[in-house]
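If you read the sequence shown in this note's numbering, its first letter stands for residue 1, the second for the next number, and so on.
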Amino acid sequence: MVIPMADLIRWLAAALLIFLPAIGVARLSEDELNIRLQADGAREVVMSPVSVEPASAQPAPAEAESPARPRRHAWHAYRRQTAFAGYDRPPRAKKGRQKKTASEVIADAFQQAEERDRAAEVEREALVDKARATLKQANVAFNAPERGEIGKTFLVEAKISEVLTRPELSRKIEGPGKIESAPLQVSKRVIATLSGGEAFDVSPSGPQSKFVSESDITAWTWQVTPKSAGDDKLLILTFDAVIKVGDQIDNWTINTFRRSLHVEVDWPENASQWLDWAKKNGENIHWIWVTIILPTGVAFLAWLTGRRSGAASGDDKPDGRPGE
């Protein structure tokens, strides 16, 4: 059989890689090996042609495992006591993970959610404070009507300016009642709201948003019609500055002004005023016909019918006198 030259070369190279280190260590003298072992803190070994064993080795008991196969070279004893000395340490105890109950898992989840919400709230407040610092000072003037009449519309107007003083701005108000003014903070866009609840009909209703001019007057106007009489009816005027917080898409609003307007509302004074009020509010008072007038009329008709039937039955009774 002919062995290929390539396989023969590979076998020879493998044999050299295996036996050359062992041959080099086997040439060490016994004294040199003991000196190295003593320097490393290992025990002395006794060289023998067949095996190398520690001098203090004791025969294993009969019931113990069979001893390891004798080593041929002293290199193995040297490596066991030096290079692999670290593996003689006992292994570290693994920390076991204690399993949590379902209630503990839920409690941890709620706690983490609360911590996240608290952190988000703190960050949001910091952003709002930063945005609030960008607001500018301005003045607002408006009229506050003190008296009104059911069904009679009056005007409420409010004006904001960043350049005019409060007296100068107050002279621009033309609505009825007392003229009031106050400072406030504004942003590029401001929302004004005049609400009257169930006592007033306000047009336009709801928040009214406008961009605030830096050099001109920004004005709002409302038509207000009282719907119920009373000594202390309230109109509430508010202004909210629109700001952008961080990188959020939605805008935020900061209330910078709020004032309650007390109005005394009277009933109509004469028949023509009552008639005008009825015409204006005819669509709104149809419930009076349904809930009050109609049931009252039906009850009165039933009472009248019952009275007539009772009277008729009384006439048909005999007089009760004994017959002749």
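Cβ atoms here follow ideal geometry from the backbone N, Cα and C, with glycine treated the same way.
Please report the Cβ distance between V265 and G230, rounded to the nearest whole angstrom; I am assuming they are in contact, meaning their Cβ atoms lie under 8 angstroms.
6 angstroms
So, are the CB atoms of W178 and E146 less than 8 angstroms apart?
Correcting the residue identity first, residue 178 is Lys in this sequence and not Trp. Closer than 8 angstroms, so yes.
With distances taken between CB atoms, is the gap from I325 to R132 smaller than 8 angstroms?
No answer is possible for residue 325: the residues shown for the chain start at 1 and end at 324.
What is the rounded straight-line gap between the Cα of P204 and the Cα of W222?
6 angstroms
Select from Q112, S181, P183 and R259 the residue whose C-alpha is nearest the C-alpha of L235.
R259
Looking only at C-alpha atoms, which of P207, I243, L127 and E198 sits nearest to K233?
E198
Per the contact definition of three or more C-beta pairs closer than 8 angstroms, is the stretch 235 to 245 in contact with the stretch 171 to 191?
yes
Under 8 angstroms between the Cβ atoms of L194 and V140?
no
When you compare only the Cα positions, how much space is there between R118 and S213?
38 angstroms
Please state the DSSP three-state secondary structure of T221.
strand
Can you give me the C-alpha to C-alpha distance between K136 and T256, rounded to a whole angstrom?
Cα-Cα distance, rounded: 11 angstroms.
Taking the runs of the beta strand (DSSP E) that are 3 residues or longer, which of them lie wholly in the stretch 89 to 168?
Within the stretch 89 to 168, the complete beta strand (DSSP E) runs of at least 3 residues are 136 to 144, 147 to 149 and 154 to 161.
Helix or strand or just coil, what does DSSP make of I236?
strand
Mark A126 as exposed unless 16 or more other C-beta atoms lie within 10 angstroms of its C-beta, in which case mark it buried.
exposed
From F154 to N143, what does the alpha carbon distance come to, in whole angstroms?
11 angstroms
Check whether T218 and K159 have beta carbons under 8 angstroms apart:
yes
What's the C-alpha gap between R189 and L261?
Roughly 24 angstroms separates the two Cα atoms.
Would you please state the rounded distance, in angstroms, between the beta carbons of V128 and W252? I believe it to be under 8 angstroms.
7 angstroms
Measure the alpha-carbon distance for E174 versus Q111 and round it to whole angstroms.
58 angstroms
Contacts around E162, its chain only, beta-carbon distance under 6 angstroms, and the 5 residues preceding and following it disregarded
A138 and E214
According to DSSP, is W11 helix, strand or coil?
helix
Buried or exposed: where does W289 fall if 16 or more other Cβ atoms within 10 Å of its Cβ makes it buried?
Low confidence applies to W289: its pLDDT is 49, below 50, so where it sits in the model is not reliable enough to give any reading.
Can you list, in chain order, the residues of its chain with a C-beta nearer than 6 angstroms to that of M5? Leave out the 5 residues immediately preceding and following it.
none
Can you tell me where the beta strand (DSSP E) holding D266 begins and where it ends?
W252 to D266
Return the bridge partner residues of P183 from the DSSP annotation.
N139
Can you look up A6 in the DSSP assignment and give me helix, strand or coil?
helix
If you count every other CB in all the chains shown that lies within 10 Å of the CB of G196, and 16 or more means buried, which is it?
buried
Under DSSP, the beta strand (DSSP E) around A192 begins and ends at which residues?
R189 to S195
By Cβ distance, which residues of its chain are closer than 6 angstroms to T305, with the 5 residues on each side in sequence left out?
none
C-alpha distance - F200 paired with T134, whole-angstrom precision
36 angstroms
Using the Cα positions of Q98 and E114, report the straight-line distance between them to the nearest angstrom.
24 angstroms
Report buried or exposed for A55, applying the criterion of at least 16 other Cβ atoms within 10 angstroms of its Cβ.
Caution applies to A55, whose pLDDT of 47 falls short of 50 and renders its modelled position unreliable; the value that the coordinates give is listed next. By the neighbour-count rule (16 or more Cβ atoms within 10 Å), A55 is not buried but exposed.
Report the residue from P176, L164 and S181 whose alpha carbon sits nearest the alpha carbon of D216.
Check the Cα spacing between D216 and each of P176, L164 and S181: the tightest is with L164.
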